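**Q**
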Amino acid sequence: MSKEITSRSENYSQWYNDIVIKAGLADYSAVRGCMVIKPYGYAIWEKMQRQLDTMFKETGHQNAYFPLFVPKSFFSREASHVEGFAKECAVVTHYRLKNDPNGQGVVVDNDAKLEEELIVRPTSETIIWNTYKGWIQSYRDLPILINQWANVVRWEMRTRLFLRTAEFLWQEGHTAHATKEEAIAEAEKMIGVYADFAQKWMAMPVRVGRKSESERFAGAIDTYSIEAMMQDGRALQSGTSHFLGQNFAKAFDVKFINRDSELDYVWATSWGVSTRLMGALVMVHSDDNGLVLPPKLAPTQVVFVPIYKGADELEQISARVAALREELHKRGITTHYDDRDNYKPGFKFNEYEMKGYPVRVAIGARDMQNGTAEVARRDTLTKQIVPQEQLADTVAALLDDIQQNLFNRALEFREQNTTVVNSYDEFKEVLNTKGGFVLAHWDGTAETEQRIKEETKATVRCIPFDLEPEEGRCIYSGKPSKQRAIFALAY
Numbered sequence: 005m006s007k008e009i010t011s012r013s014e015n016y017s018q019w020y021n022d023i024v025i026k027a028g029l030a031d032y033s034a035v036r037g038c039m040v041i042k043p044y045g046y047a048i049w050e051k052m053q054r055q056l057d058t059m060f061k062e063t064g065h066q067n068a069y070f071p072l073f074v075p076k077s078f079f080s081r082e083a084s085h086v087e088g089f090a091k092e093c094a095v096v097t098h099y100r101l102k103n104d105p106n107g108q109g110v111v112v113d114n115d116a117k118l119e120e121e122l123i124v125r126p127t128s129e130t131i132i133w134n135t136y137k138g139w140i141q142s143y144r145d146l147p148i149l150i151n152q153w154a155n156v157v158r159w160e161m162r163t164r165l166f167l168r169t170a171e172f173l174w175q176e177g178h179t180a181h182a183t184k185e186e187a188i189a190e191a192e193k194m195i196g197v198y199a200d201f202a203q204k205w206m207a208m209p210v211r212v213g214r215k216s217e218s219e220r221f222a223g224a225i226d227t228y229s230i231e232a233m234m235q236d237g238r239a240l241q242s243g244t245s246h247f248l249g250q251n252f253a254k255a256f257d258v259k260f261i262n263r264d265s266e267l268d269y270v271w272a273t274s275w276g277v278s279t280r281l282m283g284a285l286v287m288v289h290s291d292d293n294g295l296v297l298p299p300k301l302a303p304t305q306v307v308f309v310p311i312y313k314g315a316d317e318l319e320q321i322s323a324r325v326a327a328l329r330e331e332l333h334k335r336g337i338t339t340h341y342d343d344r345d346n347y348k349p350g351f352k353f354n355e356y357e358m359k360g361y362p363v364r365v366a367i368g369a370r371d372m373q374n375g376t377a378e379v380a381r382r383d384t385l386t387k388q389i390v391p392q393e394q395l396a397d398t399v400a401a402l403l404d405d406i407q408q409n410l411f412n413r414a415l416e417f418r419e420q421n422t423t424v425v426n427s428y429d430e431f432k433e434v435l436n437t438k439g440g441f442v443l444a445h446w447d448g449t450a451e452t453e454q455r456i457k458e459e460t461k462a463t464v465r466c467i468p469f470d471l472e473p474e475e476g477r478c479i480y481s482g483k484p485s486k487q488r489a490i491f492a493l494a495y
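The working numbering numbers the first residue of the sequence shown as 5 and each following residue consecutively.
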């Protein structure tokens, strides 16, 4: 099966598409720019969703649901917000179809035109803040800490499975606070939650920082992001958290009586991650043999494959595998037993390698005699012979080791491909020859950022929180700079 995958060195983009399709994560749909998430891909997303949902609730958030449709007039109330999303909006103008009088199927009923057009949500700030107006009167009603799991539509012209589609799945948190300090603390806390999830569950190292003004979310005062490096050196914005100030409260007239008995506008945040994380998972860890999954997010962590001749051998192996699986299940390890008789073991080995199952256990007649099993790990493609009585301990330790190894491997790659530069010539040379993250001084102006983008296609990914302030000169303008920023080519 791996022969069906284009190698990364030959065509990275095609390699990515091949894995998404061949590993059974997603498929193209009949609707332009939209995708079908297949059961295996959705099972991975469900594990992401389940863990994130737990982390949100542990920080005091609750789930709710708001309408898919947003009145067009709502987008007119916050100027920068509508400007940021206007070109991506899908608009509903009519509410009924009718049979074509000429017998050409169905047509839009012109008599069913909506009085006000509805926008299919690209994000939910406007509909949510219009709702919050009725929920908030006093500081006693605050904070409101709500998350929504939903789909959104952004009418992208160029699409790629998981990374950029017209419709995608995500979660969006929307919180309301009595003070500026509380809202900023919330936005910073949630970007920390995302970073924690990315690194501990996805085994994906990320840089956390503040976005430049031109890269901020439309309508935000500040945007924080986690930025990950893919194996081609490009950056992928993998999650964002926004301090919205009082912009949306003012747009929708959401006021409250504060502790000093004064009328004030509410302070807001929003934050979200999407099925784009699925694309990140593929591009950070996978290889030319197929998908590679961190054990914490693998729907099935261990697959057992019997090697046998005849029904008697299969019966004996099946009984032993059942006992071994029970031991693993008691440790919370998910397993699958593939006893299909219409596929040879070699085909099965290739299939599970393609799908990225972290551990494969093969047991044959000789293993039954010797009390052993062959254990293969997906990340390194190495095998070992293990006594069956030690299998549960070995596999449990192996899964932890794979999880950590994937993180370490990705971190090492990122560090090897992060370069500090001090001149524009050096900046361009690194981008052209090496790529990756480039740490460079920037004067903080949108004009300089735009010119660098036009000339090199690189953008400011973030101003990282973990870098100490450092006086210097902008590589482009020569003006004073207080800190380096991360530049990169990005998805």
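Yeah, the Cβ is synthetic: ideal placement off N, Cα and C, and Gly gets one too. This structure is a prediction, so every number in the text was calculated from the model and none was measured.
What whole-angstrom Cβ distance do V156 and I123 have, given they're in contact under 8 Å?
**A** In the sequence shown, the residue the question calls residue 156 occupies position 152. In the sequence shown, the residue the question calls residue 123 occupies position 119. Actually they are not in contact, since the Cβ atoms of V156 and I123 sit about 11 Å apart, beyond 8 Å.
**Q** Mapping DSSP to helix, strand and coil, what is S11?
**A** As a position in the sequence shown, residue 11 is number 7, starting the count at 1. Residue state, collapsed to three classes: coil.
**Q** DSSP state of V277, grouped into three classes?
**A** On the sequence shown, residue 277 is found 273 positions in, with the first residue counted as 1. Reduced to three states, the DSSP call for V277 is strand.
**Q** Just the Cα atoms here: how many angstroms apart are Q454 and L410?
**A** In the sequence shown, counting from the first residue as 1, residue 454 sits at position 450. In the sequence shown, counting from the first residue as 1, residue 410 sits at position 406. Answer to the nearest angstrom: the Cα atoms are 35 Å apart.
**Q** In the DSSP assignment, what residue or residues form a beta bridge with H98?
**A** Mapped onto the sequence shown, residue 98 falls at position 94. Beta-bridge pairing links H98 to K117.
**Q** Look up E217 in the DSSP assignment and say whether it is helix, strand or coil.
**A** Looking up residue 217 in the sequence shown gives position 213. If DSSP states are grouped into helix, strand and coil, E217 belongs with the helices.
**Q** So, helix, strand or coil for T304, using DSSP?
**A** Locating residue 304 in the sequence shown gives position 300, counting from the first residue. In the structure shown, T304 sits in coil (DSSP, three-state: anything other than H, G, I, E or B).
**Q** Out of curiosity, what's the CA-to-CA distance linking G565 and R238?
**A** Shown here, the chain extends from 5 to 495; a query on residue 565 therefore has no answer.
**Q** Return the chain-ordered ranges of every alpha helix (DSSP H) run that is complete within the segment 360–417 and spans a minimum of 4 residues.
**A** Those alpha helix (DSSP H) runs which fall completely within the segment 360–417 and span 4+ residues are 369–374.
**Q** In whole angstroms, give me the CA-to-CA distance for L146 and A90.
**A** As a position in the sequence shown, residue 146 is number 142, starting the count at 1. As a position in the sequence shown, residue 90 is number 86, starting the count at 1. Going from the Cα of L146 to the Cα of A90 covers about 31 Å.
**Q** Could you have a look at M161 and say whether DSSP puts it in helix, strand or coil?
**A** On the sequence shown, residue 161 is found 157 positions in, with the first residue counted as 1. It is coil, neither helix nor strand.
**Q** Nearest to G476 by CA position, among D470, K486 and F469, is which residue?
**A** For the purposes of this step, residue 476 is identified with residue 472 of the sequence shown, where counting begins at 1. Taking only the C-alpha atoms, the option nearest G476 is K486.
**Q** Check each candidate in K117, F252, G64 and N114 and name the one with the smallest Cα separation from S128.
**A** Taking the first residue of the sequence shown as position 1, residue 128 is located at position 124. S128 has its Cα closest to that of F252, out of K117, F252, G64 and N114.
**Q** Using three-state DSSP, classify L72 as helix, strand or coil.
**A** Translated into the one-based positions of the sequence shown, residue 72 becomes position 68. Coil, per DSSP.
**Q** Which residue from S17, R12, M358 and F417 puts its Cα closest to that of A232?
**A** By one-based count along the sequence shown, residue 232 stands at place 228. For A232, the nearest C-alpha among the options comes from F417.
**Q** Below 8 Å on the Cβ atoms is my contact criterion, and I expect A489 with A444 to pass it. Report the Cβ-Cβ distance as a whole number of Å.
**A** Counted from its first residue, the sequence shown places residue 489 at position 485. Counted from its first residue, the sequence shown places residue 444 at position 440. Indeed, because the Cβ distance is near 7 Å, the residues count as touching under 8 Å.
**Q** Compute the beta-carbon to beta-carbon distance between D371 and A377, rounded to the nearest angstrom, for a pair I have assumed lies under 8 Å.
**A** On the sequence shown, residue 371 is found 367 positions in, with the first residue counted as 1. On the sequence shown, residue 377 is found 373 positions in, with the first residue counted as 1. About 5 Å separates the two Cβ atoms, so the contact holds.
**Q** Decide if the segment 298–312 is in contact with the segment 333–353; the criterion is three or more beta carbon pairs, one per stretch, under 8 Å apart.
**A** Because the criterion of three Cβ pairs below 8 Å is met, the segment 298–312 and the segment 333–353 touch.
**Q** With DSSP collapsed to three states, give me the class of A444.
**A** Taking the sequence shown and counting its residues from 1, the one referred to as residue 444 is at position 440. Of the three classes helix, strand and coil, the one that applies to A444 here is strand, per DSSP.
**Q** Just confirm the distance between the C-beta atoms of N293 and E357, as a whole number of angstroms; I'd bet it's less than 8 Å.
**A** Counting from 1 along the sequence shown, the entry for residue 293 is found at position 289. Counting from 1 along the sequence shown, the entry for residue 357 is found at position 353. Confirmed, about 5 Å.
**Q** Just to confirm, is the Cβ distance from V399 to G360 under 8 Å?
**A** In the sequence shown, the residue the question calls residue 399 occupies position 395. In the sequence shown, the residue the question calls residue 360 occupies position 356. No, they are not a contact pair.
**Q** Do W159 and E92 have their C-beta atoms closer together than 8 Å?
**A** The count along the sequence shown starts at 1 and reaches residue 159 at position 155. The count along the sequence shown starts at 1 and reaches residue 92 at position 88. Yes; because the gap between Cβ atoms is below 8 Å, this pair is in contact.
**Q** So, for Q203: in the same chain, excluding its five sequence neighbours on each side, which residues have a beta-carbon less than 8 Å away from its beta-carbon?
**A** Position 199 of the sequence shown, counted from the first residue, corresponds to residue 203. Answer for Q203: P209, V210 and F411, listed in chain order.
**Q** Taking 8 Å as the cut-off, does the segment 180–189 touch the segment 264–277 (at least 3 CB pairs, one atom from each stretch)?
**A** Yes, since at least three Cβ pairs between the segment 264–277 and the segment 180–189 fall closer than 8 Å, the two stretches touch.
**Q** Along the chain, where does the alpha helix (DSSP H) containing Y20 start, and where does it finish?
**A** As a first step, residue 20 must be located in the sequence shown, where it is residue number 16. Where Y20 is concerned, the enclosing alpha helix (DSSP H) stretches over Y16 to K26.
**Q** In whole angstroms, what is the alpha-carbon distance linking G107 and T452?
**A** Here residue 107 refers to the residue found at position 103 when the sequence shown is read from its first residue. Here residue 452 refers to the residue found at position 448 when the sequence shown is read from its first residue. When rounded, the distance between both Cα atoms is 59 Å.
**Q** Under DSSP, the alpha helix (DSSP H) around I188 begins and ends at which residues?
**A** Residue mapping note: residue 188 aligns to position 184 of the sequence shown, counting from 1. I188 -> alpha helix (DSSP H) spans K184 to K204.
**Q** Which stretch, first to last residue, makes up the alpha helix (DSSP H) that contains D316?
**A** Position 312 of the sequence shown, counting from 1, holds the residue named residue 316. It spans A315 to K334 - the alpha helix (DSSP H) in which D316 sits, taken as one unbroken run.
**Q** Taking the alpha-carbon of H181 as reference, which of L149, I41 and M194 has the nearest alpha-carbon?
**A** Residue 181 sits at position 177 when you count from the first residue of the sequence shown. When only C-alpha atoms are compared, the closest one is L149.
**Q** Buried or exposed: where does R36 fall if 16 or more other Cβ atoms within 10 Å of its Cβ makes it buried?
**A** As a working note, residue 36 is residue 32 in the sequence shown. The residue is exposed, with fewer than 16 neighbouring Cβ atoms inside 10 Å.
**Q** Closer than 8 Å is the cut-off here; do at least three beta carbon pairs connect the segment 220–232 with the segment 99–113?
**A** The answer is no - the segment 99–113 does not touch the segment 220–232, with fewer than three Cβ pairs under 8 Å.
**Q** With the cut-off set at 8 Å, would you say M194 and S245 are in Cβ contact?
**A** Taking the sequence shown and counting its residues from 1, one reaches residue 194 at position 190. Taking the sequence shown and counting its residues from 1, one reaches residue 245 at position 241. Contact flag set, yes.
**Q** For V286, which of R125, L167 and E121 has the nearest alpha-carbon?
**A** As a first step, residue 286 is located in the sequence shown; it is residue number 282 there, counting from the start. Nearest option by C-alpha distance: L167.
**Q** Between E472 and chain B, is the shortest Cβ-Cβ distance under 8 Å, so that the two count as touching?
**A** No chain B is part of this structure, which consists of one protein chain only.
**Q** Should S278 be labelled buried (16 or more other beta-carbon atoms within 10 Å of its own) or exposed?
**A** For the purposes of this step, residue 278 is taken as the residue at position 274 of the sequence shown. Buried is the call here.
**Q** CB of S216 to nearest heavy atom of the ligand COA: below 7 Å?
**A** With respect to small molecules bound, the structure shown includes none, and the ligand COA cannot be examined in it.
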